[in-house]
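A.B. asks: Before I ask anything, let me first share the structure, which is written out below as structure tokens.
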Amino acid sequence: METSQLLLLLCVWALISLSRQSEVVEQCPDRILGNERTRTCPKKCKQDDDCGNKRQCLCDGPCGLSCVAPARTCPWPLPAGEHFDVALISSSPSFSALLEVRCHPGYTMANGLNAVIRRCQGDRQWSGDDPECTDRDAESKPSCPLPDHELLLIYGSAAVDSSLQYQCSPGSVLVGNSENFCHKNQTWRYPHPICQRVFCPKPQEVNQGYLVAVQKSEYNVGDSVYFLCKKSFLLDGPNQATCQLDGTWSTIPFCRAHCPIPAQRSRVIVGGVKSWPFDLTNGMVTHGENVTFFCKHPQKSCSFTATETCFDGLLPAPSCYLDPTWLQYKLFPHRLVSEIAPCGRPDLDSTSE
1 METSQLLLLL CVWALISLSR QSEVVEQCPD RILGNERTRT CPKKCKQDDD
51 CGNKRQCLCD GPCGLSCVAP ARTCPWPLPA GEHFDVALIS SSPSFSALLE
101 VRCHPGYTMA NGLNAVIRRC QGDRQWSGDD PECTDRDAES KPSCPLPDHE
151 LLLIYGSAAV DSSLQYQCSP GSVLVGNSEN FCHKNQTWRY PHPICQRVFC
201 PKPQEVNQGY LVAVQKSEYN VGDSVYFLCK KSFLLDGPNQ ATCQLDGTWS
251 TIPFCRAHCP IPAQRSRVIV GGVKSWPFDL TNGMVTHGEN VTFFCKHPQK
301 SCSFTATETC FDGLLPAPSC YLDPTWLQYK LFPHRLVSEI APCGRPDLDS
351 TSE
């Protein structure tokens, strides 16, 4: 091949390459939107075959040709801001759709504009940051000085003839007035309040129980401690206490003792089951548990029941109950008060007379 022919082929190849590069540029021109959010770009591509299922090789702003799913949408509707409205320009909020953010009259953005266009990107987010529209004349209006307190939250306006409200961050309480007013001479009606941190002291120990917590001299609001009871004691109340906003602990539990059953030679009813006391664990019931005793009719050979409740180690026998003697228990077990027939309604009515 002659040198002239080789040069001709090289020139043709160069022209084809420039033409392809021009096609890529035309496929993905520079965006007019200069506020694209910095993010991780989708997979690069040159054609649809480079992408997976349901994805196409499309221009995605500064990311260039990227594999995106054009049918997927960005969040919509977006809520209107405090001083701006949002309107969708495109027919649907899908990929490359545009929306307009426009400030209310008298308000403007930090760049001096009162409107901005945002684009639905390949990552399904709208380009740019969430806008903030501020009163364009606010800086020129006279105002009162604001406090510099990290825990103090301020709502409202510090402009002359305006009022504002104060709140404190969680874990602190407001000391002072919760509202204020800016006078024409740029002074406040009241001194600014302060936020005072709230702490809880070390919680009290629980008798016959254990405190499970990191030992500290003071605890922050929201901190929790836990309680356990010793063996044969029952937790009465929540097993957890929390440091509250007023510097006090929520309900502290008690450890309640089991109760011995004051009956030896008569069956009782516990949990719906008729049992001898010695058949129950250690002859005891737990705190809050009911025990039903059998009492003998004063004139007739029949029995009726009376119920008492165990409270922190104390379970009194009903006034009507009389424990059988040892001889009655051994020689006449079938005549024990818990074994004889129950009294009928007329018999029970006679005991109350």
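If you read the sequence shown in full-length UniProt numbering, its first letter stands for residue 1, the second for the next number, and so on. Even for Gly, the Cβ is constructed at its ideal location relative to N, Cα and C. Nothing here was measured: the structure is a model prediction, and the numbers come from that model.
(1) For the beta strand (DSSP E) that contains residue 196, what are its first and last residues?
(2) Which stretch, first to last residue, makes up the beta strand (DSSP E) that contains residue 166?
(3) Under the three-state reduction of DSSP, which class applies to residue 156: helix, strand or coil?
(4) Starting from residue 296, trace the alpha helix (DSSP H) in both directions and tell me its first and last residue.
(5) To the nearest whole angstrom, what separates the beta carbons of residue 168 and residue 195, a pair I think is in contact under 8 Å?
(6) In chain order, which beta strand (DSSP E) runs of at least 3 residues are fully inside the UniProt domain "Sushi" (72–135)?
(7) Compute the Euclidean distance between the alpha carbons of residue 342 and residue 323, then round it to the nearest angstrom.
(8) Whose C-beta lies closer than 8 Å to the C-beta of residue 303 among residues of the same chain, with five residues either side of it excluded?
(9) Run through DSSP, which three-state label would residue 209 get?
(10) Check whether the region 58–72 and the region 111–125 touch, using three or more Cβ-Cβ pairs below 8 Å as the test.
(11) Quick one: Cα of residue 136 to Cα of residue 155, how far?
(12) Buried or exposed for residue 326, going by 16 or more other Cβ atoms inside 10 Å?
(13) What is the DSSP secondary structure of residue 355, counted as helix, strand or coil?
(14) Please state if the CB of residue 134 and the CB of residue 107 are separated by a distance shorter than 8 Å.
(15) DSSP beta-bridge partners for residue 337?
(16) Report buried or exposed for residue 267, applying the criterion of at least 16 other Cβ atoms within 10 angstroms of its Cβ.
(17) Opposite residue 256 in the DSSP bridges: which residues?
(18) Kindly list the residues whose CB is nearer than 6 Å to the CB of residue 76, restricted to its own chain and excluding five residues on each side of it in sequence; keep chain order.
C.D. replies: Quick look at the numbers:
(1) Counting along the chain, the beta strand (DSSP E) containing residue 196 begins and ends at 194–197.
(2) That run of the beta strand (DSSP E) goes 163–168.
(3) Reduced to three states, the DSSP call for residue 156 is strand.
(4) Unbroken run through residue 296 is the beta strand (DSSP E), 290–296; no alpha helix (DSSP H).
(5) The distance from the Cβ of residue 168 to that of residue 195 is about 4 Å, consistent with a contact at the 8 Å cut-off.
(6) As far as the UniProt domain "Sushi" (72–135) is concerned, its whole beta strand (DSSP E) runs of at least 3 residues are 84–88, 98–103, 115–119.
(7) Residue 342 and residue 323 have their C-alpha atoms roughly 17 Å apart.
(8) 294, 295, 296, 297, 337, 338, 340, 341, 342, 343, listed in sequence order.
(9) In the structure shown, residue 209 falls within a strand segment according to DSSP collapsed to helix, strand and coil.
(10) Yes: the two stretches touch, three or more of their Cβ pairs being nearer than 8 Å.
(11) Looking at the backbone, the Cα of residue 136 and that of residue 155 are separated by about 19 Å.
(12) In summary, residue 326 is exposed, with fewer than 16 beta-carbon neighbours lying within 10 Å of its beta-carbon over all protein chains present.
(13) Examination of residue 355 is not possible in this model, given that the chain is present from 1 through 353 alone.
(14) Cβ distance < 8 Å, so residue 107 and residue 134 count as in contact.
(15) The partner list for residue 337 (beta bridge, DSSP) is empty, contrary to what the question assumes.
(16) When all chains shown are included, residue 267 counts as buried.
(17) In the DSSP assignment, residue 256 forms a beta bridge with 234.
(18) Cβ neighbours of residue 76 beyond the five flanking positions: 93.
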